[in-house]
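Enquirer:
Number of protein chains: 2
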Amino acid sequence: MAEHLSQSELDYPFKLLEYFNGFRISKAIFSACELGVFDLLLQSQKPLSAAEVAEQLGTSQDGIERLLDLMVAIEIVDVEVVQGNALYSSTDVANLYLAKSSPKSLHDLIIYSSQTIYPLWNNLVDAVREGKNQNEKTFGLPSEEIFSAIYRSEEEMLKFMGLMNSTWVIDGHDIVTAFDLSSFKSVIDLGGCSGALARELAKEYPSSSVTVLDLPSVVQTAQRHFAQQDDTICFQAGDFFEEEIPPADLYILARIIHDWKEEKNLKLLRKIHAACHPGGGVLIAEALLFETRKGPTMVQIFSLNMLVQTEGKEHPPSYYTHLLTDAGFSDVQVCRTGKSYDAILALK
Amino acid sequence: MAEHLSQSELDYPFKLLEYFNGFRISKAIFSACELGVFDLLLQSQKPLSAAEVAEQLGTSQDGIERLLDLMVAIEIVDVEVVQGNALYSSTDVANLYLAKSSPKSLHDLIIYSSQTIYPLWNNLVDAVREGKNQNEKTFGLPSEEIFSAIYRSEEEMLKFMGLMNSTWVIDGHDIVTAFDLSSFKSVIDLGGCSGALARELAKEYPSSSVTVLDLPSVVQTAQRHFAQQDDTICFQAGDFFEEEIPPADLYILARIIHDWKEEKNLKLLRKIHAACHPGGGVLIAEALLFETRKGPTMVQIFSLNMLVQTEGKEHPPSYYTHLLTDAGFSDVQVCRTGKSYDAILALK
């Protein structure tokens, strides 16, 4: 998102047209992923023709050929033309991020973006008009109970948890190394979902005990679908908004605060402060806006997404500092990672 | 679309994430346009607060503020913060292309992209699987009769014609000046829609007589909604696939060939060749693929769009040369404009 509009747009709107076509590039990559293109190309021992890809994936040859050619144009797929026949093969980037089997796969993030976020954003005009999420209009789900909508079926819960998991697989390491957390021996990741961020933390600080506390149904799904052999973390079922929070040295709130309104956030942080061991702290992971209103673009996008899907929004660091101080925490430190998510640490 | 994937993606997928977020930038600009943000900012004598924009446009303040801030991040809107209050104002680019009243407005292209193309692309997976357009699944319209779907109501016809009109307002001049057309005294634009390209031609070659031939309902709508004072072009109602084509020196086929299969295109070009005055010709305006399969990205996108919405596709120059030669034309010349649409001229 580093490119910006130049004066030459006034001669011809190249960049604007690129923005207008953005949805078609997104959806083309998403669709190739949903169809299994990148898995097939990774597994294949040799480059494949469009006819071979079509046969293996059960698609039309014409359709898959156009999709493959667009993937070639944006350099996600390679092509060589041998005696007039186009033969397609995978790229390092596709193998690393788009194939389902890769440890850094963004497959689940893509599925969620394609099947849930894309249709939600079709109602962005109404979200802006009404100032509220579009779960009802898009999916016929109640707009007040955000997580009832997000977790409306086991399939949807799994998709959402996959999204969260993908995020921390690529961003988790930066979050847990933004500050030296080695002095915190007991850590609870509140709303830690599939456990991906907690595992990054346990890997980086092997002498700390790390627990994910989340809703019973989430914990059950996490253990069924995201458990690892010799797992380094524990799961505990509970509702940290409604029930007591267990004592610990460090609490993690990763993409929790941005879902809710200020009053609810303040109440939660006060409760955490009360439960926290003296000398302990809280680590918040969120995408941080600049204090000016000029970006980062990705975070402004996330903030609009919060409008479309939740009751929260993204904030600049000053919001979190103010909130944490109000809740009784001190020594607030902010670390911008330069990636998608940033980290804030505050001490009791 | 000049940026490409670099090896540093393997460290962190910045460009991939930008692609994944493309749909949200598209839809945010589209929504701001639909809500009238750019018209309001253009007309306002002074910078406006989010509260003022919300009041004038009948939106929530919170929603419009997030949308405006994203427009600021991508430099389509300006902001200055005065005593803690953010005041938003327009930019030259927004005034030129996004405000409805501008002669170069892309407003209608945006409305069509947002309300018709965006939902169609939500079914791209099925389009690729089935190898056919998704008018039925998306809008409940018959997939065989493309223009019955596109022209399903006067409102839809007007939107589609607005799309075509926007295109030629920014790309028409390059098309009509790609070759010296001054020797062609009578010109018929077959399927010339709103007449925007025909008007560009009449302006460039004032001694030529230029006629738009299109379906009766299209001609009626063109005259009702797109007519200009002292219009320099004529309209004639007819169906050039079903009825006789009137004689002329030059025929224009702008974004017609890409809608249909080869057999239908060949039949049409043979009919044009028969009607054409000796020494006359045909000018085709289409987005041209490279002969390799590696781009341009925008044209690969268009070709997938043809899959989702029509029965045609985009082609490289060799396809058109072959088709025109088969139909009896000669001296085929190809001109890439470097913009969205290219030009091909062939003589009888």
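Sequence lines, in order, name chains A and B.
So for the first sequence, the UniProt record's numbering puts the first residue at 1; every next one is plus one.
So for the second sequence, the UniProt record's numbering puts the first residue at 1; every next one is plus one.
Glycine included, C-beta positions come from ideal geometry on N, C-alpha and C.
1) Where does B:Ser114 land, buried or exposed, given buried means 16+ other C-beta within 10 angstroms?
2) How far does the alpha helix (DSSP H) with B:Thr221 in it extend, from its first residue to its last?
3) At a CB distance below 8 Å, what residues from the region 110–124 of chain A approach chain B? Give them in sequence order.
4) Using beta-carbon positions only, say whether B:Leu253 and B:Gln236 come within less than 8 Å of one another.
5) A:Ala254 by DSSP, collapsed to three states: which one?
6) Run the proximity test for A:Ser105: is its beta-carbon closer than 7 Å to any non-hydrogen atom belonging to the ligand MG?
7) Assign B:Leu345 to one of three DSSP states: helix, strand, or coil.
8) Between A:Asn133 and A:Phe179, what straight-line distance do the alpha-carbon atoms span, to the nearest angstrom?
9) Can you pull the chain B residues whose beta carbon is under 8 Å from the beta carbon of A:Asn165, in chain order?
10) Following the continuous beta strand (DSSP E) through B:Glu286, name the residue where it begins and the one where it ends.
11) Ignore the nearest five residues each way along the sequence and tell me which others in B:Leu5's own chain have a CB closer than 7 Å to its CB.
12) Can you give the Cα-Cα distance for A:Ser238 and A:Arg24, rounded to whole angstroms?
13) Mind checking A:Asn123: buried by the 16 CB within 10 Å criterion, or exposed?
14) Give the interface partners of B:Lys46 over in chain A, defined as CB-CB distance under 9 Å, in chain order.
15) Can you have a look at A:Pro142 and say buried or exposed, based on whether 16 or more other CB atoms are within 10 angstroms of its CB?
16) Does the Cβ-Cβ distance between B:Leu40 and B:Gln56 come in under 8 Å?
17) Would you say the region 282–296 of chain A touches the region 318–327 of chain A, given that touching needs at least three Cβ pairs under 8 Å?
18) Check whether the Cβ atoms of B:Leu163 and B:Leu120 sit closer than 8 Å, and answer yes or no.
19) Roughly how far, in whole angstroms, is the beta-carbon of A:Gln43 from the beta-carbon of A:Ala51, given that I think they are within contact range, below 8 Å?
20) On the CB-based measure, 16 or more other CB atoms within 10 Å of its CB, does A:Gln228 come out buried or exposed?
21) Which bits of chain B does residue 395 of chain A rub up against, with CB to CB less than 7 Å?
22) What residues match up with A:Ser183 in a beta bridge as DSSP calls it?
23) Taking contact to mean at least 3 C-beta pairs separated by less than 8 Å, is the region 92–99 of chain B in contact with the region 142–154 of chain A?
24) Taking 8 Å as the CB-CB limit, is B:Thr321 close to chain A?
25) With DSSP run on the structure shown, which of helix, strand or coil describes A:Phe23?
26) Taking the alpha carbon of B:Gly129 as the reference point, which residue from A:Gly328, A:Gly58 and A:Phe30 has its own alpha carbon closest?
27) Examine chain B for any beta-carbon lying closer than 8 Å to the beta-carbon of A:Thr292, and answer yes or no.
28) Among A:Pro278, A:Pro316, A:Phe38 and A:Leu304, which one has its Cα closest to the Cα of A:Arg293?
29) Any idea what DSSP makes of B:Leu70, helix, strand or coil?
30) Using the Cβ count rule (16 or more neighbours within 10 Å means buried), how would you classify B:Glu155?
31) Taking only three categories from DSSP, how would you classify B:Ala327?
32) Counting only C-beta atoms, is A:Pro296 closer than 8 Å to chain B at any point?
33) So what's A:Thr211 in DSSP terms, helix, strand or just coil?
34) Please go through the same chain and pick out, in chain order, the residues whose beta-carbon is closer than 6 Å to the beta-carbon of B:Thr211, but skip the five residues on each side of it.
35) Please name the residues in the region 23–47 of chain A whose beta-carbon is closer than 7 Å to at least one beta-carbon of chain B, in chain order.
36) Opposite A:Phe235 in the DSSP bridges: which residues?
Expert: Looking at the coordinates:
1) buried
2) Pro216 to His225
3) Ile110, Ser113, Ile117, Tyr118, Pro119, Trp121, Asn122 and Leu124
4) no
5) strand
6) The ligand MG is not part of the structure shown, which contains no ligands of any sort.
7) strand
8) 34 Å
9) Residues of chain B passing the Cβ test: none, with the nearest at roughly 16 Å.
10) Cys276 to Glu286
11) Lys15
12) According to the sequence displayed, residue 238 of chain A carries Gly and not Ser. The alpha-carbon atoms of A:Gly238 and A:Arg24 are separated by roughly 41 Å.
13) buried
14) What B:Lys46 touches in chain A: nothing, since even the nearest Cβ is about 18 Å away.
15) exposed
16) yes
17) yes
18) no
19) Not really, about 17 Å apart at Cβ, beyond 8 Å.
20) exposed
21) The structure shown has nothing for residue 395 of chain A, since chain A only spans 1 to 348.
22) Its beta-bridge partners do not exist; DSSP assigns none.
23) no
24) no
25) helix
26) Looking at the sequence itself, residue 129 of chain B is Arg, so the reference to Gly does not match. The shortest Cα separation from B:Arg129 among A:Gly328, A:Gly58 and A:Phe30 belongs to A:Gly58.
27) yes
28) A:Pro316
29) helix
30) exposed
31) coil
32) yes
33) strand
34) Ile188, Cys234 and Gln236
35) Phe23, Arg24, Ile25, Ser26, Lys27, Ala28, Ile29, Ser31, Glu34 and Leu35
36) A:Val212
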